[in-house]
Amino acid sequence: MSFSCPLCHAPLAYAENSYACPQGHRFDKAKEGYVNLLPVQHKRSRDPGDSAEMMQARRAFLDAGHYQPLRDAVAQRLSTLPGEHPQSILDIGCGEGYYTAAFAAIAATKGAETFGLDVSKSAIRAAAKRYPEVMFCVASSHRLPFADASQDAIIRIYAPCKGEELARVVKPGGWVITVTPGPRHLMELKGLIYDEVHLHAPHSEQLVGFSLEQEQSLAYQMTLSGGEAVALLQMTPFAWRAKPEVWDALAQKEEFNCQTDFSIHCWQRETILSGEVGPEKLHTDSD
């Protein structure tokens with residue numbers, strides 16, 4: 025299994041350290057081992073995704089093991105999904121590869137290849153250096169550079185992705201595992217930023233073409249140092265709302281207690297029925 029061209033959707037063939045399609049679009053493989061499949065016309069900013077600083081903060085926090093229970097839970101779900109002889113597994117929004125490496129270890133036991141995708145070039149470069157067993161690419165999660173019905177399983181931890189793209193790329197009978205915030209996720213951290221803290225809305229996502237087969241809640245308490253709490257805040261979307269005094273107060277704390285609350289869902293791709301629109305009809309060329 026290989027990539028498809030992000031410009032014309034034709035298959036990409038690998039030769040002489042480059043991926044090329046029959047139309048002549050060419051994408052060079054970087055020295056770190058990843059390939060950049062995010063054409064400039066698909067970028068929404070000059071350097072989308074996490075910066076190098078944000079990536080380093082995320083890596084330090086994850087390497088400390090604070091989200092290992094989540095990684096273990098998702099990996100366990102992946103390892104027990106029904107289906108024989110998988111060929112390809114994709115981690116969308118993989119960041120610097122912390123979760124992807126665990127998924128790759130499971131995929132290897134099943135004879136499958138693992139791909140990691142993120143819009144951040146800094147994150148993918150770091151991931152490729154550290155985890156050479158995974159094929160990483162810089163790409164948009166809204167324009168997955170993979171052929172129709174090519175993935176046995178996709179893991180999506182917080183990352184955005186159009187449901188149509190998931191339905192297009194996942195094989196009939198294949199799986200999508202999603203992780204979203206539970207109602208009380210990081211309540212203590214939010215309490216430092218907002219005057220009034222609201223619970224996350226209950227899970228209400230619907231994936232067209234998939235049926236929800238498994239769900240799990242995972243919640244536990246974390247005890248963080250001030251530096252780890254700052255790194256955690258950098259990882260969250262509400263970091264932009266934090267005032268300078270919040271950052272300073274967190275950094276000076278000897279200990280910060282914060283709860284996690286994750287919702288894990290396993291969706292199975294429905295088998296194509298007579299008259300149903302197949303994945304080849306689900307290309308979306310415009311955002």
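To convert, count from 1 in the sequence shown and add 24; that's the numbering used here.
All C-beta atoms in this analysis are idealised placements derived from N, C-alpha and C, irrespective of residue type, glycine included.
Just so it is clear, the structure is predicted and the values come from calculations on it, not from any experiment.
- No residue range can be given for L62, since it is assigned to no alpha helix (DSSP H) and is classified by DSSP as neither H nor E.
- Annotation for V221: M211, K214, G215 place their beta carbon closer than 8 Å to its own, counting only its chain and skipping 5 residues before and after.
- With a cut-off of 8 Å on Cβ pairs, the segment 229-241 is not in contact with the segment 141-150, counting fewer than three such pairs.
- Contact check for F286 and C161: beta-carbon distance about 26 Å, past the 8 Å limit, so the pair fails to qualify.
- Annotated three-state conformation of Q238 is strand, per DSSP.
- Here the segment 244-259 lies against the segment 276-290, with 3 or more beta-carbon pairs under 8 Å apart.
- At the C-beta level, V203 and I181 come within 8 Å of one another.
- Cβ neighbours of L168 within its own chain (closer than 6 Å, five residues either side excluded): E189, V193.
- The three-state reading of DSSP puts P261 in helix, counting H, G and I together.
- DSSP places E137 inside the beta strand (DSSP E), whose first and last residues are 137-142.
- In the three-state DSSP reduction, V193 falls in the helix class (H, G or I).
- The beta carbon of I130 lies closer than 7 Å to those of A99, L102, S103 in the same chain, with the five residues before and after it left out.
- Distance from F139 to S165 at the Cβ level is roughly 12 Å; contact not present, criterion being Cβ atoms closer than 8 Å.
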